[in-house]
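Chemist: Okay, handing you the structure first.
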Amino acid sequence: MQDIVKYHNDFNKVKLPSLTEQEQNIFFGIISKIKNKGENKMGRVSFRITPNEISYFEKTIKFTPQELLEFSTENLTNKALGNMLLTLREKIFKADFTMLIEKDDEDLIGKVIINLFETFTLLYPKNDTEYKNLLRVEMTIHPYFSYLVDELNANFTRFELAEFFALSGKYTKTIYRQLKQFRQTGWAEWDFNEFKSLLDIPESYALCDIDKQILKPALRELTQERNLFDTKRIPFKGLKYTKIKKGGNKVTAIRFEWTKEKAQELESKQEKKVESTNTSYPKEPNIKAYCGLHINIPVREGGKESKIEGKITNIYETNEKIIMEIIDENFNTTNLPFDNLEALEKCVKSFQI
Numbered sequence: 001m002q003d004i005v006k007y008h009n010d011f012n013k014v015k016l017p018s019l020t021e022q023e024q025n026i027f028f029g030i031i032s033k034i035k036n037k038g039e040n041k042m043g044r045v046s047f048r049i050t051p052n053e054i055s056y057f058e059k060t061i062k063f064t065p066q067e068l069l070e071f072s073t074e075n076l077t078n079k080a081l082g083n084m085l086l087t088l089r090e091k092i093f094k095a096d097f098t099m100l101i102e103k104d105d106e107d108l109i110g111k112v113i114i115n116l117f118e119t120f121t122l123l124y125p126k127n128d129t130e131y132k133n134l135l136r137v138e139m140t141i142h143p144y145f146s147y148l149v150d151e152l153n154a155n156f157t158r159f160e161l162a163e164f165f166a167l168s169g170k171y172t173k174t175i176y177r178q179l180k181q182f183r184q185t186g187w188a189e190w191d192f193n194e195f196k197s198l199l200d201i202p203e204s205y206a207l208c209d210i211d212k213q214i215l216k217p218a219l220r221e222l223t224q225e226r227n228l229f230d231t232k233r234i235p236f237k238g239l240k241y242t243k244i245k246k247g248g249n250k251v252t253a254i255r256f257e258w259t260k261e262k263a264q265e266l267e268s269k270q271e272k273k274v275e276s277t278n279t280s281y282p283k284e285p286n287i288k289a290y291c292g293l294h295i296n297i298p299v300r301e302g303g304k305e306s307k308i309e310g311k312i313t314n315i316y317e318t319n320e321k322i323i324m325e326i327i328d329e330n331f332n333t334t335n336l337p338f339d340n341l342e343a344l345e346k347c348v349k350s351f352q353i
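First residue of the sequence shown: 1, per the UniProt record's numbering; consecutive thereafter.
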């Protein structure tokens, strides 16, 4: 998976209310595809922030369940995916964003509160009264928000989707994308209350809870070496945080520091890898990183040849075996046992499609 997520830094100011780890995977998977889908369908789309300059051809983006399942690292059925999207839709429509707008013709400025999506529709067959067979998802992007996913804007955040998917924990994922907008500066600092709001940390959490349940686990995840597309990389080398106190023992701010990335470092590595090979499997030490890849394995049973084709939806260890779950286009699941990780990796390398 070589997708890059790019969006305007202003998007990090939007409070995404209590998105779970999997909901974040699907949501940012959608964000990574919005611009490409729009261009594939209608050519270059032009958006402007000023109200009287907004222009666009078509704002509706469509996804199949299979496309959305590629963003999940869990084994979701069609119905489970539909239920997750309903919950995600409800949460996203609760997230608003205040923008400063200008009306040059009247010499006025003002604030407007808008939402990322104008519509978010789940479509089922007419006779599917229990909504079990999701066929398509259509979403209409608010024109004021379009600039948030325009990669040509210089003031943007970028990260690799595979690296984001491999992270564990909803708070870790949020910290990761907040820090990525400062990836070339090597530090970031927030008012502590603002930081808690961005992460949607419950008010009931004491300072010790935030350390133990959020910051320390995130630090472990974000300083772990990962091997994506045969390139070893630590998300944030030397990452550490400092709680800034004023007026006694009250924490008023939090500061993160790490080894800053060189300009265009991610871009050049990514382009070099894409040019040199068509294989996109991630050799992530965390075996979950293979989830989401598609595979076609020839098998022979009773003298007959067949194949196991589908998406890897889960990998886990049990009874000294590593099990790889594969779900096909009809949502049938096959469990393949492997003696070790090397055997599983060899299978993925040989039969990935």
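The beta carbon of each residue, even a glycine, is placed where N, CA and C say it ideally should be. Please read these numbers as outputs of a predicted model, since none were measured by experiment.
#1: So the alpha helix (DSSP H) E221 belongs to, where does it begin and stop?
#2: Buried or exposed: where does M1 fall if 16 or more other Cβ atoms within 10 Å of its Cβ makes it buried?
#3: Please identify the residue among I244, K307, F159, R300 whose C-alpha is closest to the C-alpha of R177.
#4: Less than 8 Å between the CB atoms is what I'm expecting for T20 and K170, so what's the real figure, rounded?
#5: Measure the alpha-carbon distance for I109 versus E189 and round it to whole angstroms.
#6: Can you tell me whether L81 is buried or exposed, with buried defined as 16 or more other CB within 10 angstroms of its CB?
#7: Spatial neighbours of R220 within its chain, please: C-beta separation below 8 Å, excluding the five flanking residues on both sides.
#8: Hey, K311 and I327 are a contact pair by Cβ (cut 8 Å); roughly how many whole angstroms apart?
#9: Taking the alpha carbon of D200 as the reference point, which residue from W187, Q184, K173 has its own alpha carbon closest?
#10: Among T242, K243, G238, whose alpha-carbon lies nearest the alpha-carbon of T259?
#11: Return the residue from the list N330, M324, Q66 that minimises the CA-CA distance to A343.
#12: For the ligand SAM, is there any heavy atom lying closer than 7 Å to the beta carbon of L344?
#13: Which value, in whole angstroms, describes the spacing of the CA atoms of Y290 and L341?
#14: Starting from V251 and walking both ways along the beta strand (DSSP E), at which residues does that stretch end?
#15: Would you check if there are 3 or more beta carbon pairs closer than 8 Å linking the segment 75-90 to the segment 123-141?
#16: If you compare alpha carbons, which of R300, K240, H294, A162 is closest to Q66?
#17: Give the C-beta separation of I26 and Y7 to the nearest angstrom, bearing in mind that I take them to be a contact with Cβ-Cβ under 8 Å.
#18: Return the CA-CA distance between K13 and K91, expressed in angstroms with no decimal places.
#19: To the nearest angstrom, report how far apart L222 and A253 are at their CA atoms.
#20: According to DSSP, what are the bridge partners of T60?
#21: Please list, in chain order, all residues of the same chain as E70 whose beta carbon is under 6 Å from its beta carbon, the five residues on each side excluded.
#22: Please classify N335 as buried or exposed, where buried requires at least 16 other C-beta atoms within 10 Å of its C-beta.
#23: Assuming L336 is part of the beta strand (DSSP E), what are its boundary residues?
#24: One question on the structure: do L88 and E23 come within less than 8 Å of each other, judged by their Cβ atoms?
#25: Residue 423: which of G186, A162, V251, F236 sits nearest, CA to CA?
#26: Quick one, are the C-beta atoms of R255 and W187 less than 8 Å apart?
#27: In the structure shown, what three-state DSSP assignment does F182 receive?
#28: How big is the Cα-Cα spacing for I322 and P235?
#29: Do you know offhand how far residue 421's Cα is from E163's?
#30: Closer than 7 Å by C-beta to G185: which residues in its own chain qualify, once you throw out the five before and the five after it? Chain order, please.
#31: Sort L179, N330, L198 by Cα distance to S18 and report the nearest one.
#32: Taking 8 Å as the threshold (C-beta atoms), are T313 and E74 in contact?
#33: Could you please give the first and the last residue of the uninterrupted alpha helix (DSSP H) stretch that includes T87?
#34: Just to confirm before moving on: does the CB-CB distance between N78 and K33 stay below 8 Å?
#35: Note the first and the last residue of the continuous alpha helix (DSSP H) segment covering D209.
Modeler: This is what the structure holds:
#1: The residue you call residue 221 lines up with position 221 of the sequence shown. Here the alpha helix (DSSP H) through E221 covers 216-222.
#2: Against the sequence shown, residue 1 aligns to sequence position 1. Residue confidence for M1 is low, a pLDDT of 47 falling below 50, so the modelled location carries little weight and cannot support an answer.
#3: Taking the sequence shown and counting its residues from 1, one reaches residue 177 at position 177. Sorting I244, K307, F159, R300 by C-alpha distance to the C-alpha of R177 places F159 at the top.
#4: Translated into positions along the sequence shown, residue 20 becomes position 20. Translated into positions along the sequence shown, residue 170 becomes position 170. Indeed they touch by this definition, with Cβ atoms about 6 Å apart.
#5: Taking the sequence shown and counting its residues from 1, one reaches residue 109 at position 109. Taking the sequence shown and counting its residues from 1, one reaches residue 189 at position 189. Just so you know, the alpha carbons of I109 and E189 end up roughly 29 Å apart.
#6: Indexing the sequence shown from 1 puts residue 81 at position 81. Counting Cβ neighbours within 10 Å, L81 comes out buried, since at least 16 surround it.
#7: Working through the sequence shown from its first residue, we reach residue 220 at position 220. Non-local beta-carbon contacts of R220 in its own chain, meaning distances under 8 Å to residues more than five positions away in sequence, are absent.
#8: By one-based count along the sequence shown, residue 311 stands at place 311. By one-based count along the sequence shown, residue 327 stands at place 327. A Cβ-Cβ distance of about 6 Å is found for the pair K311 and I327, placing them in contact under the 8 Å criterion.
#9: In the sequence shown, the residue the question calls residue 200 occupies position 200. Comparing Cα-Cα distances from D200 to each of W187, Q184, K173, the minimum goes to K173.
#10: Here residue 259 refers to the residue found at position 259 of the sequence shown. For T259, the nearest C-alpha among the options comes from G238.
#11: Walking along the sequence shown from the start, residue 343 turns up at place 343. Residue nearest to A343 within the set N330, M324, Q66 is M324 (criterion: CA-CA distance).
#12: Inclusion of the ligand SAM in the displayed structure is not the case, the ligand content being empty and no account of it being possible.
#13: Position 290 of the sequence shown holds residue 290. Position 341 of the sequence shown holds residue 341. Rounded to the nearest angstrom, the two C-alpha atoms are 11 Å apart.
#14: By 1-based counting over the sequence shown, the position of residue 251 is 251. First-last of the beta strand (DSSP E) with V251: 250-257.
#15: Contact between the segment 75-90 and the segment 123-141 is present, because at least three Cβ pairs lie under 8 Å.
#16: As a first step, residue 66 is located in the sequence shown; it is residue number 66 there, counting from the start. When only C-alpha atoms are compared, the closest one is H294.
#17: Locating residue 26 in the sequence shown gives position 26, where the first residue counts as 1. Locating residue 7 in the sequence shown gives position 7, where the first residue counts as 1. Beta-carbon to beta-carbon, I26 and Y7 are separated by about 16 Å, too far to satisfy the 8 Å threshold.
#18: Sequence index remark: in the sequence shown, residue 13 carries index 13 (1-based). Sequence index remark: in the sequence shown, residue 91 carries index 91 (1-based). Approximately 16 Å between the Cα atoms of the pair.
#19: Position 222 of the sequence shown, counted from the first residue, corresponds to residue 222. Position 253 of the sequence shown, counted from the first residue, corresponds to residue 253. Pairing L222 with A253, the inter-Cα distance amounts to about 20 Å.
#20: Taking the first residue of the sequence shown as 1, we reach residue 60 at position 60. Residue pairing for T60: DSSP places it in a beta bridge opposite T140.
#21: The count along the sequence shown starts at 1 and reaches residue 70 at position 70. In chain order, G292 place their CB closer than 6 Å to the CB of E70, counting only its own chain and leaving out the 5 sequence neighbours on each side.
#22: Position 335 of the sequence shown, counting from 1, holds the residue named residue 335. Its Cβ having fewer than 16 others within 10 Å, N335 is exposed.
#23: In the sequence shown, the residue the question calls residue 336 occupies position 336. Per DSSP, L336 belongs to the beta strand (DSSP E) from 333-338.
#24: On the sequence shown, position 88 is the one that residue 88 refers to. On the sequence shown, position 23 is the one that residue 23 refers to. Yes. Within cutoff.
#25: The displayed coordinates of the chain run from 1 to 353. Any statement about residue 423 would go beyond what the structure contains.
#26: For this step, residue 255 is matched to residue 255 along the sequence shown. For this step, residue 187 is matched to residue 187 along the sequence shown. Contact: yes.
#27: Stepping through the sequence shown from its first residue, residue 182 is reached at position 182. The answer is coil: DSSP assigns F182 none of H, G, I, E or B.
#28: The residue given as residue 322 occupies position 322 in the sequence shown. The residue given as residue 235 occupies position 235 in the sequence shown. Rounded to the nearest whole angstrom, the C-alpha separation of I322 and P235 is 27 Å.
#29: Lying before the first or after the last residue shown, residue 421 is absent from the chain, which here runs from 1 to 353.
#30: Counting from 1 along the sequence shown, the entry for residue 185 is found at position 185. Sequence check: residue 185 is Thr here, not Gly. Counting only Cβ-Cβ distances below 7 Å, and skipping sequence neighbours, we find K260.
#31: Reading the sequence shown from its first residue, position 18 is the one you call residue 18. The shortest C-alpha separation from S18 is found at L198.
#32: Here the question's residue 74 lines up with position 74 in the sequence shown. Here the question's residue 313 lines up with position 313 in the sequence shown. A contact, by the Cβ cut-off of 8 Å.
#33: For the purposes of this step, residue 87 is taken as the residue at position 87 of the sequence shown. Taken as a continuous stretch (DSSP letters only), the alpha helix (DSSP H) holding T87 covers 78-92.
#34: The residue given as residue 78 occupies position 78 in the sequence shown. The residue given as residue 33 occupies position 33 in the sequence shown. Judged by beta-carbon spacing, K33 lies beyond the 8 Å limit of N78, meaning their Cβ atoms are not closer than that value.
#35: Looking up residue 209 in the sequence shown gives position 209. Its alpha helix (DSSP H) spans residues 207-210.
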